[in-house]
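Chains as they are written, first to last, in our numbering: chain A, 929 to 1439; chain B, -10 to 119.
Each residue gets a CB set at the ideal place from its N, CA and C atoms; glycine is no exception.
What follows is one structure encoded as structure tokens, with my remarks underneath.
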């Protein structure tokens, strides 16, 4: 905008006219007044860009006019015309906000310079105003953009199926999305800005995130991990989670955690394992048919022998036949149990029990059979095991399977000169696990057999094995979070070791 | 005079059944529970007939059968194979051994698959021993 309209105020009419003429010839538009009061009225009516006023006037003087104009519009440029030596009022005028002054008599050049300066000032101010307006607009625009983005992010966080939880530097929850509300079973309003990390998470999980923050920038994020979280309503949810530590200018400002619910995935995994297992049972069927046929042969043979015993009143025959029948009934029972164990998902039933006692029970069951086949069974106990939390059924069945296999390995051994022996040893390792070791000096296994040991339908015992024994044992031990280790040497024997987590039961002090 | 018949089977139930059948029919039963013991018994007692299982620990029936059929003196003893293994599988393994060891072993005279009725077993024995 061009500053072009000038108001000239002077009580001397001749000066007003002269100045006006001179300025017009320079291209300005002028309006005039002969006193302060008139000057103010013209100023209000004409809104000039620049005011040039004499300082000494009757009535309202130049200073007074200056003040009034500045009251109306502090940004108006007012040039004061002063008499020679009138320093005091000049200073006062400048203090009141006059932009410049010129001395009387007014010379054209001095006025022109003062006007140019005033115009430059106005131009700068205009520019500044423009900049400021522009800046405001830009800030408004940026603010809008930020608001939009933040809304978008808020929506994103809110609509995420994953649980998103963020903490500030004091570990107070600042973000808790509906996904998190779902997962943790807490209402958003009860958590956000109210709970701390220790109130929301179990101590174990809270510690993981706190440690991560402590480790500083090296640990800004960590790879996805899996864990179980306990919800308020008592559910246990398997989750996959990760976490980011947030820094701003090197300062720790908070942490954000992401949790994914793995319930569905875990369920599918379980189904897959289950169906694989059922398929394996299917594959085992031909092997099983053979085994069942052997049982049938036993039952038929046994009943024939019993019939003969009855007909001849021969008690010995009768007893022998009956023994055969009973043995084969037991084989059916064992087979059924193996099949059920293998095909069903089963959780171990932990209770306080003594592994050494269980070993004794197993030895009692097989000693007769072993002896009649020329196999000597011995034991070596670590009495320090005491009572442990474990599933006695798992231990009993697994051990019985291994001991039966060990005796079979002795019977199969072609080297009849050996004194065949099965040794059962129990021990505790470093309080981490306890071991049940079954060692035989039977035929051992070659590499081929070793490879297939835990495969379904595999049996090294011809028609006498179901191919389920080690399969079932392996499954039982796995469900019990244990392992089975194998060592073997063809012709020299094998050692099978079951290792189970050791959780000692403290015997109650009765004193 | 009663004939001696050797039963070679690792299954105690089968031995007990066959022994009873033999006794009922006035034969003298002998028993062995694996191939190694079977050969010892044959050499010692010279039975009139051998009833032989196929799948056994320590010297399977397949091996003992070959031994009997390739021994000049023992090849005269009639053998009844008595097993849960199908004849096809048995012949297959014999054929593999023929190729491997050279020579040819005659097919078994009588091949009975378990389970069997006592009278069928007796009929097979009678046919062999006349």
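Query                                                                                                                                : Result
Proximal residues to residue 995 of chain A (C-beta, below 6 Å), its chain only, five neighbours per side dropped                    : 1024
Inter-stretch contact at 8 Å, needing at least 3 Cβ pairs: the segment 1282 to 1296 of chain A / the segment 1234 to 1253 of chain A : no
Proximal residues of chain A, C-beta to C-beta of residue 73 of chain B below 8 Å                                                    : 1218, 1221, 1222, 1225 and 1391
Residues bridged to residue 1175 of chain A [DSSP beta-bridge criterion]                                                             : A:1180
Straight-line Cα distance separating residue 1281 of chain A from residue 1339 of chain A                                            : 32 Å
DSSP state of residue 1353 of chain A mapped onto helix, strand, coil                                                                : strand
Three-state class that DSSP yields for residue 1256 of chain A in the structure shown                                                : helix
Chain-ordered chain B contacts of residue 1236 of chain A [CB-CB under 7 Å]                                                          : 9 and 13
Sequence-distant residues of the same chain with beta carbon closer than 7 Å to residue 1130 of chain A, five excluded per side      : 1158
Interface residues of chain B facing residue 1233 of chain A [CB-CB closer than 8 Å]                                                 : 5, 6 and 9
Within chain B, partners of residue 1245 of chain A - CB distance below 7 Å                                                          : 9
Alpha-carbon spacing of residue 927 of chain A relative to residue 0 of chain B, whole angstroms                                     : Look at the range of chain A in this structure, 929 to 1439, and you will see that residue 927 of chain A is not part of it.
Close beta carbons around residue 82 of chain B, own chain, < 7 Å, minus the five adjacent residues each side                        : 51
Residue 107 of chain B: contacting residues in chain A (beta-carbon distance under 7 Å)                                              : 1232
Nearest neighbour of residue 68 of chain B, chosen from B:91, B:27, B:86 and B:85 [CA to CA]                                         : B:27
Sequence-distant residues of the same chain with beta carbon closer than 7 Å to residue 1437 of chain A, five excluded per side      : Because the pLDDT at residue 1437 of chain A is just 43, under 50, the model does not fix this residue reliably, and the point stays unresolved.
Cross-chain neighbours of residue 46 of chain B in chain A, by beta carbon under 7 Å                                                 : 1339 and 1340
Residues that residue 1164 of chain A bridges to, as DSSP identifies them                                                            : A:1158
Coil, strand or helix - residue 935 of chain A by DSSP                                                                               : strand
Beta carbon of residue 1086 of chain A nearer than 8 Å to that of residue 1101 of chain A                                            : no
Chain-ordered chain B contacts of residue 1248 of chain A [CB-CB under 7 Å]                                                          : 5
The segment 88 to 98 of chain B touching the segment 51 to 63 of chain B, judged by at least three CB pairs closer than 8 Å          : yes
Closer than 8 Å to chain A by CB, residue 55 of chain B                                                                              : no
Nearest neighbour of residue 5 of chain B, chosen from A:1228, A:1301 and A:1033 [CA to CA]                                          : A:1228
CA-to-CA distance, residue 1069 of chain A to residue 1007 of chain A, given in whole angstroms                                      : 40 Å
Sheet register partners of residue 1432 of chain A (DSSP bridge)                                                                     : A:1316
Beta-ladder partner(s) of residue 1281 of chain A, from DSSP                                                                         : A:1316
Anticipated Cβ contact below 8 Å, residue 910 of chain A with residue 1425 of chain A, distance rounded                              : Missing from the structure shown is residue 910 of chain A; chain A here goes from 929 to 1439 and no further.
Below-8 Å beta-carbon distance, residue 1228 of chain A vs any chain B residue                                                       : yes
Cutoff 6 Å; reference residue 1148 of chain A; Cβ partners in own chain excluding five residues on either side                       : 1173
Helix, strand or coil at residue 1191 of chain A [DSSP, three-state]                                                                 : helix
Contact belief for residue 1287 of chain A with residue 1352 of chain A at Cβ below 8 Å, rounded distance in angstroms               : 6 Å
Beta-carbon proximity of residue 3 of chain B to residue 20 of chain B, cut-off 8 Å                                                  : no
Per-residue DSSP class, three states only, for residue 1150 of chain A                                                               : coil
Spatially closest choice to residue 1322 of chain A from A:1410, A:1355, A:990 and A:1152, by CA coordinates                         : A:1410
Buried or exposed (CB count within 10 angstroms, at least 16 for buried), residue 7 of chain B                                       : buried
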